[in-house]
Structures are given as C-alpha cells and as structure tokens.
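Single-structure report; data block below.
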Amino acid sequence: MLKAENLNFSIGEKTILDRVSLEIKQGEIFAILGPNGAGKSTLMKCLSGYEKPTRGNITLMGQAFASFSLTDLAAIRAVLTQSVSINFPFTALEVAAMGRGQFSGVGQDMRDYDIAREAMQLTEVSHLEERLISTLSGGEQQRVHMARILAQLWDQTDCILFLDEPTSALDLKHQFMLFDICRTLASQKNFAVVVILHDLQLAKRMTDQALLLDAGKIFAVGASADVINIDTVSTLYDINRSQVML
Ligand code: ADP
Ligand code: MG
Numbered sequence: 002m003l004k005a006e007n008l009n010f011s012i013g014e015k016t017i018l019d020r021v022s023l024e025i026k027q028g029e030i031f032a033i034l035g036p037n038g039a040g041k042s043t044l045m046k047c048l049s050g051y052e053k054p055t056r057g058n059i060t061l062m063g064q065a066f067a068s069f070s071l072t073d074l075a076a077i078r079a080v081l082t083q084s085v086s087i088n089f090p091f092t093a094l095e096v097a098a099m100g101r102g103q104f105s106g107v108g109q110d111m112r113d114y115d116i117a118r119e120a121m122q123l124t125e126v127s128h129l130e131e132r133l134i135s136t137l138s139g140g141e142q143q144r145v146h147m148a149r150i151l152a153q154l155w156d157q158t159d160c161i162l163f164l165d166e167p168t169s170a171l172d173l174k175h176q177f178m179l180f181d182i183c184r185t186l187a188s189q190k191n192f193a194v195v196v197i198l199h200d201l202q203l204a205k206r207m208t209d210q211a212l213l214l215d216a217g218k219i220f221a222v223g224a225s226a227d228v229i230n231i232d233t234v235s236t237l238y239d240i241n242r243s244q245v246m247l
C-alpha cells in the first residue's frame with residue numbers, strides 16, 4: 002500500500018533521515034520505534050505527505066505520492082500528529098466533526114455530525130460532546146482527536162492511518178481500546194495503521210511489523226514479535242539488558 006525507497010531528509014547540514022526504505026501493507030499495524038530525536042515524527046511526516054523528503058521515492062497504491070491532490074489524500078489517509086492544540090472555543094463534537102471538513106472544505110451537514118458522534122462513541126468520549134476541547138484532560142483530548150480522524154475516513158476502506166504517539170496520554174484501558182479500533186479497521190476494512198510508540202511491550206504485543214530507527218537510520222525491521230527483543234532494545238536505547246522489560 003505504501004512504499005518508500007531510500008528516503009533522505011536533511012535540514013541544512015543536518016541529516017535527519019538517512020536512506021530509509023520500507024513497505025507497509027494493507028491490513029497490518031506497523032510500528033515506528035526509536036529513542037527521542039531518532040527521526041520517527043519526521044519519517045511519519047514524509048510518509049503522510051506533510052513534509053517532502055530531500056531525496057527518495059514514495060509510492061502510495063503503486064502511484065507516485067506527488068500525483069495525489071490534497072483532496073485525494075484526505076480520502077485515503079488520516080494523520081494524528083504528536084501534539085494538537087486548538088485555541089479556539091470549539092466543543093469536542095465540533096472538533097470531531099472537523100474530520101469531515103477534510104473532504105468538502107466547507108461547513109459540515111447533519112450527516113457529518115452523525116458520523117462524528119458515532120466516532121466519538123468508539124473512542125468513548127460521547128459524554129464530553131458539549132465540553133470545550135480546551136477544558137478536557139490530555140487523554141480525553143487525545144480520544145476526541147482520534148474520533149476526528151476516524152470520522153475523516155468513515156465508510157472508507159483500504160485507507161491508511163498515521164498515529165504519532167496516540168497512547169501517550171491514555172490510561173491502560175484506553176490504550177487497549179485504541180488498539181482494538183486499529184485492529185478492527187485493519188482486519189475488517191483493510192486499513193494500514195502506522196503508529197509511533199514508546200511502550201515497547203505494547204508494540205511487541207499489538208503490532209505486526211516494527212521499524213526501529215536509530216539516528217535517522219534503520220536499525221532493524223521485521224515482525225514485531227521478533228525484532229523487539231532484549232538485544233535490539235538494550236542496544237538501541239543504550240540501557241542494560243536487565244533494564245529491558247518486554
Ligand atoms: P522523534 O520523533 O524520533 O523524537 P523527530 O523526527 O521529531 O524525532 O526529530 C528528529 C531530529 O530532527 C531531532 O534531532 C530534531 O531536533 C530534528 N528536527 C526535526 N525537525 C526539525 C526542524 N524543523 N529543524 C531542525 N531540526 C529538526
Ligand atoms: Mg516525535
């Protein structure tokens with residue numbers, strides 16, 4: 002579904018991504034892991050079209066990334082960025098409904114609000130619909146934003162979700178909820194899910210493939226259950242083997 006070949010991303014003299022190649026298939030959950038500053042968010046921005054790689058090639062469904070318009074992309078992929086802050090007095094429902102605006106670029110109709118409500122039910126934030134987004138806790142806001150990107154791709158199949166640390170503010174129950182949603186989309190709607198995580202136990206247990214990034218380079222890539230192990234984790238994160246909890 003998504004293929005990248007030899008991606009490089011540089012800012013000035015600094016190389017942030019160095020010859021990264023990968024393939025993400027439909028129906029799979031693909032983890033991007035690595036220490037702070039390894040280039041995970043930058044890689045996700047390149048793969049989702051938010052940044053243009055300095056060199057290298059990306060194809061989406063066999064076509065060059067550049068051949069998709071923003072409207073085309075909005076019907077295929079949704080992105081949950083690492084931090085989203087909304088400083089306007091929108092309610093949680095209005096924020097979730099913004100996912101629908103990605104298509105038309107104009108105001109939402111009632112059907113869009115119905116979809117937003119259904120998405121909010123999935124991420125367990127229905128009871129917060131009238132609350133201002135800025136008054137919600139970090140985990141509640143994260144679940145509203147998750148509802149927003151689910152609303153964006155509602156009724157679609159064969160899409161791709163990009164989630165940058167989506168569980169960072171979630172309690173244990175809602176971490177499982179999020180992976181349940183992702184797994185259902187992958188198996189029933191043929192979605193691919195690309196997710197940046199810091200919880201390696203969760204990554205090993207809940208994702209299919211994992212790419213371990215080290216200072217912009219691929220350190221390891223393969224089946225999550227294999228590549229997330231004591232050897233790779235202790236080396237990549239520069240910790241003792243006894244400190245690795247998997
Ligand atoms: P990660 O998500 O793995 O923590 P990032 O992809 O956000 O890492 O960043 C990778 C490296 O690139 C970091 O050292 C970061 O400081 C640097 N970087 C990212 N964006 C920029 C930018 N716009 N200007 C300068 N340096 C940047
Ligand atoms: Mg990041």
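As numbered in the numbering used here, residues 2 to 247 make up the sequence shown, in order.
Glycine residues also receive a C-beta, built at the ideal position from the N, C-alpha and C atoms.
Bear in mind that the values here come from a model prediction, so they are computed numbers and not experimental data.
Where the beta strand (DSSP E) through residue i begins and ends
| i | result |
| --- | --- |
| T72 | Not the beta strand (DSSP E): T72 falls in the alpha helix (DSSP H), residues L71 to A75. |
| L212 | Q210 to D215 |
| S1 | The requested residue 1 is not part of the displayed model; the chain covers only 2 to 247. |
| A32 | I30 to L34 |
| R112 | Taken as a continuous stretch (DSSP letters only), R112 belongs to no beta strand (DSSP E), being part of the alpha helix (DSSP H) at M111 to L123. |
| I161 | I161 to D165 |
| E131 | Here E131 belongs to no beta strand (DSSP E), and DSSP marks it neither H nor E. |
| R56 | R56 to L61 |
| S11 | L3 to I12 |
| L203 | Per DSSP, L203 belongs to no beta strand (DSSP E); it is in the alpha helix (DSSP H), L201 to M207. |
| V222 | K218 to A224 |
Distance CB(residue i)-CB(residue j) smaller than 8 angstroms
| i | j | result |
| --- | --- | --- |
| M207 | I33 | no |
| I150 | L214 | no |
| R132 | T92 | yes |
| G57 | N9 | yes |
| I161 | F192 | yes |
| G28 | A204 | no |
| V194 | H146 | no |
| R78 | F163 | yes |
Residue i Cβ short of 7 angstroms to the ligand GDP heavy atom set
| i | result |
| --- | --- |
| G40 | As far as ligands go, the structure on display features the ligand ADP and the ligand MG and does not contain the ligand GDP. |
Nonlocal neighbours in the same chain, by C-beta distance under 7 angstroms from residue i, ignoring five residues either side
| i | result |
| --- | --- |
| L23 | A5, L212 and V222 |
| F180 | M207 |
| D165 | S42, M45, L81, T82, Q83 and I197 |
| A120 | A97, A148, L151, A152 and W155 |
| D227 | none |
| S235 | N241, R242 and V245 |
| D113 | A98 and R101 |
Cβ neighbours of residue i in the same chain (closer than 6 angstroms, five flanking residues each side left out)
| i | result |
| --- | --- |
| Q176 | T168 |
| R20 | N7 |
| L61 | L3 |
| M111 | none |
| I59 | A5 and F66 |
| K190 | T158 |
| C183 | I30 and V194 |
8 angstroms CB neighbourhood of residue i in its chain, flanking five on each side removed
| i | result |
| --- | --- |
| R118 | L94, A97, S127 and E130 |
| S135 | I87, N88 and P90 |
| D73 | none |
| Q142 | V85, I134 and A170 |
| G35 | K41, L213, L214, D215, F220 and L237 |
Rounded distance between the beta-carbons of residue j and residue i, thought under 8 angstroms
| i | j | result |
| --- | --- | --- |
| Q153 | A75 | 7 angstroms |
| F220 | L237 | 5 angstroms |
| G140 | L171 | 5 angstroms |
| Q210 | A224 | 6 angstroms |
Host alpha helix (DSSP H) of residue i (start-end)
| i | result |
| --- | --- |
| G139 | G139 to Q153 |
| L186 | L173 to Q189 |
| V234 | I231 to L237 |
| L81 | Here L81 belongs to no alpha helix (DSSP H); instead the beta strand (DSSP E) covers R78 to L81. |
| V194 | V194 -> not in any alpha helix (DSSP H); beta strand (DSSP E) instead, spanning A193 to I197. |
| A43 | The sequence given here places Thr at residue 43; Ala does not occur at that position. Where T43 is concerned, the enclosing alpha helix (DSSP H) stretches over K41 to S49. |
Neighbour flag for residue i against chain D, beta carbons, 8 angstroms
| i | result |
| --- | --- |
| D172 | Chain labels in this structure do not include chain D; a single protein chain is all it has. |
**Contact between the stretch 7 to 18 and the stretch 119 to 138 (3+ Cβ pairs under 8 angstroms)** = no
**Request:** Pair every Cβ in the stretch 91 to 99 with every Cβ in the stretch 65 to 74, then say whether three or more of these pairs are closer than 8 angstroms.
**Result:** no
**Asked** How about the stretch 66 to 84 and the stretch 47 to 56: do they share at least three Cβ pairs that are nearer than 8 angstroms?
**Response** yes
**Request:** For the stretch 187 to 199 and the stretch 221 to 236, state whether three or more C-beta atom pairs, one from each stretch, are separated by less than 8 angstroms.
**Result:** no
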